[in-house]
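> For reference, the structure I am asking about is given below.
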Amino acid sequence: MNGTIAWLFAVTFVIGAVGLLGLVAAIARRQFGAGGAHVPFLDHEEGWAEDPVATPRLQRVLGATPRSPDPAELRDRDACDRSSRGPVLAFVLSAVAWLAVGSIFGLVVSLKFQYPDWLTDQAWTTFGRLRPLHLDTVAYGWLSMAGMGVALWLLPRLLRTPLRGGRWATAGALFWNIGMLLGTGALASGWTDGLEWLEYPWQIDGFFVIGGSLAAVPMFLTLPHRKVDHLYVSALYIIGALVWFPILFVVANIPNLHFGVEHALVNWWFAHNVLGLWFTPLGLAAAYYLIPKIVGRPIYSYQLSLLGFWSLALFYSQVGVHHLIGGPVPGWVVTLSIVTSVSMVIPVFAVAVNHHLTVLGRFRALRHSPVLRFIVLGAMLYTAASFQGSMESLRSVNTLTHFTHYTVAHAHLGAYGFASIVFFGAIYFLMPRVTGVEWPWRPLVDVHFALIAVGFFVYFTTLTIGGLLQGQAMLDASRPFTDSVSAAAPWLWGRTAGGLLMTLGHLVFAVHVGALALRAARAPALSLTEEMT
Amino acid sequence: MSTEALATAVGSAAIVLFAGGALVLAPYLQLEHIEPSPGLRPYTPEEAMGRGVYVSEGCVYCHSQQPRDPAQAPDDQRGWGRPSVPGDYAYDYPHQLGTMRTGPDLFNVGARLPSADWHYLHLYQPRAVSPVSVMPSYAYLFDHVDTVRPGDLVVKIPPEVQREPGIVVATPEAQALVRYLLRLDHTAPVLTASQEEQP
Ligand code: HEM
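As you go down the protein sequences, you meet chains X and L in turn. Under the working numbering, the residue at position 209 of the first sequence is numbered 209, and the numbers go up by one with no gaps. Just so we're on the same page, the working numbering is the position in the second sequence counted from 1, plus 533.
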């Protein structure tokens with residue numbers, strides 16, 4: 001039985017890999033999709049930096065450009081931006097509010113390692129309740145809502161036509177927020193499905209299913225009206241994400257279907273796909289669009305970006321069981337996940353080449369574009385998190401790092417270092433565009449960046465060291481278990497310090513976003529409802 | 534929708550369903566008929582209630598329930614037990630395998646620490662037992678009363694550890710949780726994966 005299944009999947013895997021090679025060949029031969037690289041640019045726009053937060057000096061460091069884009073085309077793009085205003089604001093403003101709440105949860109959880117008796121009088125303030133509240137608030141409140149908001153803003157730009165049916169998505173944001181509020185209340189009161197990443201009770205999950213489906217409606221309504229010959233790679237990532245997430249979320253949340261060890265398999269298949277097939281594609285969609293826009297030149301290799309998309313889909317969807325290495329699950333599933341985890345170097349390499357080589361030689365732009373700073377840092381941390389993940393899935397490394405704070409540091413490298421930081425940059429870019437209002441206090445953008453960059457560096461390095469020492473102590477059976485607790489303890493202070501800076505950065509960000517939204521609401525020319533489709 | 538967009542949507546869906554087939558459906562079919570491990574019996578209502586407390590208090594975020602093979606890690610030498618097998622989890626829903634060991638693996642804690650009194654004190658104040666512990670105090674699972682009523686389970690908590698004055702009584706939740714912890718005993722021998730490989 002075991003052998004048959006292993007063979008079956010070895011064969012299917014080979015077929016998948018052959019298919020991928022076929023795609024490579026097709027891309028190489030027929031120059032399939034070659035025009036796609038220019039989709040982000042209007043006629044004669046290449047060479048021009050687009051960045052609503054940068055100073056005019058950004059264009060100067062990028063060099064002079066002989067011709068200007070057509071004003072009519074620029075007006076069309078403004079119309080695209082304003083067409084998504086309602087749903088984008090609904091998603092982004094909610095996301096930022098959840099970010100503030102979720103960070104405070106995280107900070108309190110971290111402090112509990114220093115003060116384990118603090119806030120233990122009531123059940124809802126204990127570690128076991130606040131930790132899932134932290135994870136689910138940042139994952140579903142912040143990252144998911146920010147990702148959907150960014151995607152809704154990108155779609156009309158990528159398809160060069162105003163967003164159709166934006167109201168459906170605005171309603172989706174409402175449903176999603178109701179789900180978040182109910183889910184938060186449920187977890188605080190101890191009502192949980194009991195699976196990491198899937199804690200919200202299935203009775204409440206319907207709000208997310210409805211909200212997420214409504215958010216995808218404008219995509220399907222707008223795609224038929226597209227005015228571009230090629231789908232840019234960001235559009236592929238958005239389509240992929242909006243198709244994947246509902247499938248995963250529904251399959252994993254069906255109650256009373258899963259059992260025992262199989263429940264753990266579906267749990268981690270889902271949990272890693274939330275990162276790999278939901279946050280990652282949305283974050284990559286934003287980075288793939290914003291990097292070329294800000295430096296004013298197309299991505300390095302469009303063909304490679306397509307290869308990156310399809311290989312990400314193929315490999316990332318199968319890595320989940322690397323969370324159960326050494327666990328009581330069939331050996332072949334673990335092996336399959338290790339193989340695909342290591343294969344992830346292919347899509348990661350494709351993305352890294354494109355992101356890093358497009359900026360290469362234009363590093364001076366970083367000084368003048370705060371948005372580029374966020375996106376480039378995020379893109380670098382994506383590369384780092386991905387290679388680290390491939391390494392962590394090797395049995396020898398996993399034996400040391402699994403079950404320790406090292407994994408938590410890695411989780412933040414991906415979910416924070418990459419996804420969150422890219423979304424920060426994207427939100428700084430899109431808010432002035434959809435509202436027509438400038439950021440009220442530009443220096444706050446730099447304050448935000450400094451706080452989270454330093455904070456995250458401290459968070460990641462201290463927790464990584466603490467995790468390694470913890471793992472080392474745990475593997476040495478001659479040392480008592482509590483040695484692993486004491487070994488990590490001083491480093492967990494570092495996490496609290498770093499997390500404090502990050503949280504402060506998020507509060508600065510939230511105040512700034514709130515101030516911009518207030519100004520936009522007061523600006524009579526652009527009332528919130530007027531521009532909606 | 535254009536063919537390019539449609540192909541992307543359908544292709545993406547196909548890939549993720551294929552992955553689901555590999556990672557979830559195939560193991561589902563493989564594990565569906567697994568028998569409970571020898572000697573494993575279903576949870577009593579009180580144990581099941583205790584497991585519910587374990588789930589809702591989030592013990593899983595610090596404790597795993599999946600000892601690894603001695604070939605990989607010295608889990609057995611720590612007294613965490615033999616490597617677990619799928620049959621050990623036959624009655625577990627939702628699963629609580631866990632991926633973090635801020636605290637020890639608990640899959641065999643009932644065999645390792647069989648004293649209910651120990652667990653009551655440890656839950657009330659972990660640092661009374663293990664000074665460097667970062668485990669939260671679960672004193673809220675206990676009542677502090679002036680007079681003991683029939684049926685109350687009085688637990689011995691040293692006065693300097695007590696949060697409030699009075700006699701400390703374990704709530705039904707605390708009693709059920711300890712029942713569940715004591716029941717965590719999967720020491721009966723089974724054929725583990727590595728033994729199957731080398732007969
Ligand atoms: C806003 C962006 C953030 C995101 C996306 C994020 C994401 C995550 C994720 C995915 C986990 C689960 C890790 C795992 O199970 O391996 C987690 C846990 C955690 N996070 Fe965050 N986090 C964020 C911010 C913060 C901040 C600002 C702090 C403050 C110190 C923090 C502290 C923690 C702590 C203490 C845990 C629990 C670790 C444990 O169980 O030992 N996080 N977070």
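For each residue, glycine too, the CB sits at the ideal point set by N, CA and C. On a predicted model such as this, the values are computed, not experimentally measured, just so you know.
Is X:Val53 helix, strand or coil when you go by DSSP?
coil
> Can you tell which of X:Asn354, X:Ser144 and X:Ala385 has the C-alpha that lies nearest to the C-alpha of X:Trp176?
X:Ser144
> Between the C-alpha atoms of L:Leu556 and X:Leu265, what's the straight-line distance to the nearest angstrom?
7 angstroms
> Starting from the N-terminal side, write out each stretch of the alpha helix (DSSP H) that is 4 residues or longer and does not extend beyond the region 336-397 of chain X.
345-359, 365-368 and 370-392
> With 8 angstroms as the threshold, decide whether the Cβ of X:Asp76 is near any Cβ in chain L.
At a cut-off of 8 angstroms between beta-carbon atoms, X:Asp76 makes no contact with chain L.
> So, for L:Glu579: in the same chain, excluding its five sequence neighbours on each side, which residues have a beta-carbon less than 7 angstroms away from its beta-carbon?
Ala709 and Arg712
> For X:Ala241 and L:Ala721, what's the separation of their Cα atoms in angstroms?
46 angstroms
> Please list, in chain order, the chain X residues whose beta carbon lies closer than 9 angstroms to that of L:Val642.
None at all; the shortest Cβ gap to chain X is about 12 angstroms.
> Grab me the residues of L:Val588's own chain with a C-beta within less than 8 angstroms of its C-beta, minus the 5 sequence neighbours each way, in chain order.
Around L:Val588: Pro627 and Gln629.
> For X:Asp70, count neighbouring Cβ atoms within 10 angstroms of its own Cβ and tell me buried if that reaches 16, exposed if not.
exposed
> Counting contacts by CB-CB distance shorter than 8 angstroms, is L:Thr632 in contact with chain X?
At least one chain X Cβ lies under 8 angstroms of L:Thr632.
> Which of helix, strand or coil does DSSP assign to X:Gln31?
The predicted model places X:Gln31 with a pLDDT of 44, which falls under 50 and marks its position as unreliable, so this point remains unresolved.
> Assuming X:Phe460 and X:Leu413 are in contact, meaning their beta carbons sit under 8 angstroms apart, how far apart are those beta carbons, in whole angstroms?
6 angstroms
> I need the DSSP call for L:His719, collapsed to helix, strand or coil.
coil
> Using only CA atoms, which one of L:Val694, L:Val618 and L:Met633 lies nearest to X:Asp117?
L:Val694
> Along the region 283-307 of chain X, where does the CB come closer than 8 angstroms to a CB of chain L? Name the residues.
Residues are counted here when their Cβ sits less than 8 angstroms from a Cβ of chain L; for the region 283-307 of chain X the count is zero.
> List, in chain order, every chain L residue whose beta-carbon is nearer than 9 angstroms to that of X:Asn253.
Per Cβ cutoff of 9 angstroms: no residues; X:Asn253 is ~11 angstroms from chain L at best.
> Counting C-beta neighbours from all protein chains within 10 Å, is the total for L:Gln610 16 or more, i.e. buried, or is it exposed?
Flag for L:Gln610 reads exposed.
> Could you spell out where the beta strand (DSSP E) holding L:Asp602 opens and where it closes?
No beta strand (DSSP E) holds L:Asp602; DSSP gives it neither H nor E.
> Could you run through the region 111-122 of chain X and flag, in chain order, every residue whose CB is less than 8 angstroms away from some CB of chain L?
Lys112, Phe113, Pro116, Asp117, Thr120, Asp121 and Gln122
> Roughly how many angstroms lie between the CA atoms of L:Arg574 and L:Asp621, to the nearest whole one?
10 angstroms
> In three-state terms, what does DSSP make of X:Val511?
helix
> At 8 angstroms on the CB atoms, spell out the chain L contacts of X:Arg167, in chain order.
Counting only Cβ-Cβ distances below 8 angstroms, X:Arg167 has no contacts in chain L at all, with the closest Cβ about 20 angstroms away.
> Among the residues of its own chain, which have a CB less than 6 angstroms from the CB of L:Val593, if the five just before and after it don't count?
In its chain, beyond the 5 residues on either side, Gln629 and Gly631 have a beta carbon closer than 6 angstroms to the beta carbon of L:Val593.
> Which residues, in chain order, does the region 133-166 of chain X contribute to contact with chain L at a C-beta distance below 7 angstroms?
none
> Is the region 324-337 of chain X touching the region 536-554 of chain L, taking contact as three or more C-beta pairs under 8 angstroms?
no
> Going by other Cβ atoms of all chains shown within 10 Å of its Cβ, with 16 needed for buried, is X:Gln388 buried or exposed?
buried
> Against X:Asp193, what residues of chain L qualify as contacts under a CB-to-CB distance less than 7 angstroms, listed in chain order?
Pro627
> Return the chain-ordered list of same chain residues with a C-beta closer than 7 angstroms to the C-beta of X:Val88, the five sequence neighbours on each side being excluded.
Gly149, Leu152, Trp153, Leu430 and Val434
> Report yes if the CB atom of X:Val408 is closer than 8 angstroms to the CB atom of X:Val447, and no otherwise.
No, they are not a contact pair.
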